[in-house]
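Numbering (this note's numbering), first residue to last: 92 to 316. Heads up, the thing below is written out as structure tokens.
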Amino acid sequence: MITKEMLVSDIVKQSPKSADIFRSNRIDFCCGGNIPLSEAINEKSKPLDALLEEINALDNGSDGTLDVQYLDNAALINYIQNKYHKPLAEEFKNLMPYVTKVAKVHGERHPHLIELKELTLKLRDELLDHTKDEDDNVFPLVIEYTNNPTDDLKTKLAPHIAELETEHDGAGNILKRMREMTSDFTPPMDACGTFRVVYQRLAMLERDTFQHVHLENNVLFERIK
92 MITKEMLVSD
102 IVKQSPKSAD
112 IFRSNRIDFC
122 CGGNIPLSEA
132 INEKSKPLDA
142 LLEEINALDN
152 GSDGTLDVQY
162 LDNAALINYI
172 QNKYHKPLAE
182 EFKNLMPYVT
192 KVAKVHGERH
202 PHLIELKELT
212 LKLRDELLDH
222 TKDEDDNVFP
232 LVIEYTNNPT
242 DDLKTKLAPH
252 IAELETEHDG
262 AGNILKRMRE
272 MTSDFTPPMD
282 ACGTFRVVYQ
292 RLAMLERDTF
302 QHVHLENNVL
312 FERIK
């Protein structure tokens, strides 16, 4: 049973499908998830009782979804890399031409598209640099610490994790700004097909990024702190 006193991040650990409910209610479950649900309610979300009812009604039984909290560190890192890191560069490569085209063609009528393009470029650069640093430097240290959990390795990891969490906050803020300026990724009535594709793909990118960050901040890194 999920209660209002539980931390948002812990709710997602126990009930992974609740992430979708939190996302649709603009409740941060990754970077800002270490607060009770009762404190996370905002003007954009449903009332507390309605949220609790919806979350507790979820079927979190086995549906082929991997319950990652039971993976060891090496397996969890492998899962994060394969599900989130590796597809990221390809997704941005495919997405950016659409974003650029929509900004060029519709930017005069919808000026926010110019800023949206710049934010997408910024998010791309930050996430690709960020994931490369994790893959090349931080994750190998995590594996080393897992196999040999010394105080020296824990101390060595601490500033890396703090920096990564700060970068996660930055990516989350970019995505929140995107959601605000696009009215929750809702295309206007006159939107063309490409316009709609951009909003749909950005909404999917937001979903995946928040879930990605949750797994690192609230599962993997919590095991090391």
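Glycine included, each C-beta is placed from N, C-alpha and C at the ideal position.
Rounded separation between residue i and residue j - CA only
i, j, result
"residue 209", "residue 294", "16 Å"
"residue 192", "residue 142", "39 Å"
"residue 153", "residue 202", "The pLDDT assigned to residue 153 is 48, lower than 50, so where the model puts this residue is not dependable; a value taken from the coordinates is nonetheless given after this. Cα-Cα distance, rounded: 45 Å."
"residue 161", "residue 186", "33 Å"
"residue 184", "residue 114", "25 Å"
"residue 158", "residue 174", "14 Å"
"residue 206", "residue 124", "28 Å"
"residue 235", "residue 181", "29 Å"
"residue 276", "residue 313", "32 Å"
"residue 155", "residue 199", "In this prediction, residue 155 has a pLDDT of 47, which is less than 50 and means its spatial position is unreliable; what the coordinates show is noted afterwards. Straight-line Cα distance between these residues: approximately 45 Å."
Where residue i falls, given that 16 or more other Cβ within 10 Å makes a residue buried
i, result
"residue 274", "exposed"
"residue 283", "exposed"
"residue 269", "buried"
"residue 308", "buried"
"residue 130", "exposed"
"residue 249", "exposed"
"residue 126", "exposed"
Residue i beta carbon near the ligand GTP (any heavy atom closer than 8 Å)
i, result
"residue 149", "The ligand content of the structure shown is nil, which means the ligand GTP is not present either."
Paired residues, beta bridge with residue i - DSSP
i, result
"residue 127", "98"
Option nearest residue i by Cα separation, candidates the options
i, options, result
"residue 104", "137, 146, 132, 135", "146"
"residue 252", "240, 242, 232", "232"
"residue 247", "129, 229, 280", "229"
"residue 315", "136, 127, 165, 199", "165"
"residue 255", "286, 212, 311, 126", "311"
"residue 266", "290, 149, 244", "290"
"residue 261", "221, 281, 279, 276", "221"
"residue 303", "217, 239, 170, 197", "170"
"residue 135", "263, 117, 238, 108", "117"
"residue 121", "98, 286, 163", "98"
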